[in-house]
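These notes are about the structure you will find just below.
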Amino acid sequence: MLPADAEDYERRVSVATDPLDSFFVQLVGELDDQAGGFSWWSGYLANWKMRTLLSDYLIQSVHGVSEALISASFGARNHRQMTVADTEAAKKAHSEGRIPFPLDAQGRRRHLNITQSAESCFYHLGQALDRLSATMIVVGGFGMEVVRVDWGDVEDLAEGVTKQSTKIRLQPLGTPGRAAQDALMDPVLNWHTFGPDDWLPWMRDTRNGMTHRAGGKKIIAMTTANRLARLFYRQPRWSELQSLVFGARPPKTPFYDAFIMSASEDVLEGLCESVATLVGELTKAIVTCWDARAANPQLIAQPDKQWQVVEPAESIWNFPGYGTPVVIRPGVLRLSPPDGKRWTAARVMDDRRSAWY
Numbered sequence: 103m104l105p106a107d108a109e110d111y112e113r114r115v116s117v118a119t120d121p122l123d124s125f126f127v128q129l130v131g132e133l134d135d136q137a138g139g140f141s142w143w144s145g146y147l148a149n150w151k152m153r154t155l156l157s158d159y160l161i162q163s164v165h166g167v168s169e170a171l172i173s174a175s176f177g178a179r180n181h182r183q184m185t186v187a188d189t190e191a192a193k194k195a196h197s198e199g200r201i202p203f204p205l206d207a208q209g210r211r212r213h214l215n216i217t218q219s220a221e222s223c224f225y226h227l228g229q230a231l232d233r234l235s236a237t238m239i240v241v242g243g244f245g246m247e248v249v250r251v252d253w254g255d256v257e258d259l260a261e262g263v264t265k266q267s268t269k270i271r272l273q274p275l276g277t278p279g280r281a282a283q284d285a286l287m288d289p290v291l292n293w294h295t296f297g298p299d300d301w302l303p304w305m306r307d308t309r310n311g312m313t314h315r316a317g318g319k320k321i322i323a324m325t326t327a328n329r330l331a332r333l334f335y336r337q338p339r340w341s342e343l344q345s346l347v348f349g350a351r352p353p354k355t356p357f358y359d360a361f362i363m364s365a366s367e368d369v370l371e372g373l374c375e376s377v378a379t380l381v382g383e384l385t386k387a388i389v390t391c392w393d394a395r396a397a398n399p400q401l402i403a404q405p406d407k408q409w410q411v412v413e414p415a416e417s418i419w420n421f422p423g424y425g426t427p428v429v430i431r432p433g434v435l436r437l438s439p440p441d442g443k444r445w446t447a448a449r450v451m452d453d454r455r456s457a458w459y
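Using the numbering used here, you'd call the opening residue of the sequence shown number 103 and step up by one each time.
What follows is the structure, encoded as structure tokens:
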């Protein structure tokens with residue numbers, strides 16, 4: 103839940119983080135300290151190890167969604183602060199009769215912070231959706247390996263629901279379990295109601311482009327409001343030249359039609375709000391599905407396919423790190439109460455870890 107001294111970036115996404123944090127506490131409270139995992143899963147999965155691994159991964163995913171949303175919103179906040187500072191620096195230079203380019207050291211750092219904060223925001227928004235995908239797969243009892251899923255898999259499942267698919271990873275048509283899965287996927291199908299046209303595919307394409315491809319020329323324009331505005335490309339899948347050539351076709355449209363006519367800081371804050379609202383609605387559906395299954399464990403059997411490996415097949419890396427090795431001071435390991443309960447139920451402490459071998 104929001105702390106008493108919550109800041110604007112935390113409040114911006116609280117429509118999602120509040121219910122996510124409550125669900126996290128609920129899940130930790132449902133762990134079985136002795137048997138491992140959730141007690142009502144005792145009839146499912148191959149053994150207590152599989153049950154424990156999947157249970158804890160669900161808890162991690164729920165907490166991870168909340169963390170990612172706050173990080174994204176924090177990036178949007180930093181982006182606005184830096185863009186405002188950049189406008190003020192440009193105005194100051196103009197009033198002094200100076201040209202602000204080439205940038206001095208402070209200006210170069212400021213521009214790097216502007217770029218990094220935008221990329222961080224997009225990265226964490228995509229991260230939130232991917233982590234939420236794992237949560238939905240586990241809670242919905244879909245027959246998929248959970249560690250490999252992302253938002254694209256959730257969209258595919260939602261499409262299967264729409265088409266009344268009979269795929270084995272879905273519950274049979276006409277059953278109460280399938281009805282629960284359908285209700286869980288409903289907000290995914292209605293993503294367009296949480297923002298302007300194409301907001302979600304544009305956000306995901308921009309995030310993927312920033313991650314995997316070279317960025318296009320960064321356009322900074324002075325507006326009639328005497329404000330520097332950074333503009334995002336309207337079609338992030340296109341190359342820079344494709345956008346400039348085909349994004350605007352003269353004489354009918356101007357050059358700037360290749361870009362979104364909103365300042366970057368407004369876009370980032372709007373995306374945070376849209377994603378948070380979508381995630382908030384999905385979290386309500388997740389909790390409803392989870393509670394229904396806990397009340398009636400026969401509603402949907404937890405698939406063995408969701409977690410198939412206990413001991414990883416690959417060996418641990420020998421990478422030692424850099425710098426002087428740290429020496430851990432002996433003493434008590436300090437954990438929050440939820441993490442302490444998680445690790446107790448998972449039998450990872452020294453006095454119980456031998457059960458895993």
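Heads up, the beta-carbon is just placed ideally off N, CA and C, and yes, glycines get one too.
CA nearest to the CA of residue i, picked from the options
i, options, result
"Tyr159", "Val249, Ser168 and Ala108", "Val249"
"Leu333", "Met451, Phe348 and Asp359", "Asp359"
"Asp47", "Ser235, Val241, Pro274 and Leu275", "Since the first and last residues shown for the chain are 103 and 459, residue 47 lies out of range."
"Phe296", "Leu384, Trp392 and Gly254", "Leu384"
"Met287", "Gly349, Thr237 and Ser116", "Thr237"
"Glu375", "His314, Phe357, Met305 and Ala350", "Met305"
"Pro298", "Thr379, Val429 and Arg153", "Thr379"
"Gly317", "Arg454, Met324 and Ala220", "Ala220"
"Trp253", "Arg233, Trp419, Gln266 and Met451", "Arg233"
"Ser168", "Ile201, Met103 and Asp206", "Met103"
"Arg271", "Val429, Arg351, Asp406 and Thr326", "Asp406"
"Leu370", "Ser438, Ile216, Val164 and Trp392", "Ile216"
"Phe140", "Asp393, Val428, Val429 and Arg431", "Asp393"
"Ala192", "Pro422, Ala396 and Ile322", "Ile322"
"Arg436", "Thr426, Val429, Met451 and Gly423", "Met451"
"Val412", "Glu109, Pro353, Arg114 and Met152", "Met152"
"Ile388", "Ala118, Ala415, Gly425 and Arg211", "Ala118"
"Trp143", "Ala396, Arg113, Asn420 and Arg200", "Ala396"
"Ala327", "Glu190, Gly166, Asp107 and Lys265", "Glu190"
"Arg283", "Leu302, His294, Pro303 and Ala260", "One detail in the question is off: residue 283 reads as Gln in this sequence, not Arg. The shortest C-alpha separation from Gln283 is found at Ala260."
"Thr313", "Gln218, Gln273, Ala106 and Val251", "Gln218"
CB contact flag (residue i, residue j, <9 Å)
i, j, result
"Leu330", "Cys223", "no"
"Leu291", "Leu227", "no"
"Gln404", "Leu156", "yes"
"Ala186", "Ile161", "A small correction: the amino acid at residue 186 is Val; Ala does not occupy that position in the sequence shown. It is not a contact, given that the beta carbons lie outside the stated cut-off."
"Gln128", "Val240", "no"
"Phe361", "Arg336", "yes"
"Thr154", "Gly138", "yes"
"Thr308", "Pro338", "yes"
"Asp135", "Thr446", "yes"
Anticipated Cβ contact below 8 Å, residue i with residue j, distance rounded
i, j, result
"Lys443", "Leu133", "6 Å"
"His381", "Ala230", "The identity of residue 381 in the sequence shown is Val, whereas the question assumes His. So it is a contact: roughly 6 Å between Cβ atoms."
"Ser175", "Tyr225", "Contact flag wrong, Cβ pair sits at about 13 Å."
"Asp188", "Arg212", "6 Å"
Quiz item: Counting Cβ pairs, one atom from each stretch, are 3 or more of them under 8 Å apart for the stretch 188-206 and the stretch 243-262?
Solution: no
Exercise. Mind the definition here: the stretch 397-405 touches the stretch 269-283 only if three or more C-beta pairs lie below 8 Å; say whether that holds.
Key: yes
Quiz item: Just checking, does the stretch 107-127 make contact with the stretch 140-148 on the three C-beta pairs under 8 Å criterion?
Solution: Under the three-pair Cβ rule at 8 Å, the stretch 107-127 does not count as touching the stretch 140-148.
Practice problem: With a floor of 4 residues, list each alpha helix (DSSP H) that falls wholly inside the stretch 332-400, ordered by position along the chain. | Solution: Listed in chain order, the alpha helix (DSSP H) runs fully inside the stretch 332-400 are 342-348 and 366-397, counting runs of at least 4 residues.
Self-check item: Complete alpha helix (DSSP H) runs within the stretch 248-317 (minimum length 4 residues, chain order)
Solution: 253-264, 278-291 and 301-314
Quiz item: Counting pairs of beta carbons, one from the stretch 171-190 and one from the stretch 365-380, are three or more of them closer than 8 Å?
Solution: Yes: at least three Cβ pairs fall under 8 Å.
Quiz item: Quick one: complete beta strand (DSSP E) runs, 3+ long, within the stretch 194-256?
Solution: List check, beta strand (DSSP E) in window: nothing returned.
Practice problem: Run through the stretch 120-172 for me and flag every whole beta strand (DSSP E) of 3 or more residues, listed as ranges in chain order. | Solution: none
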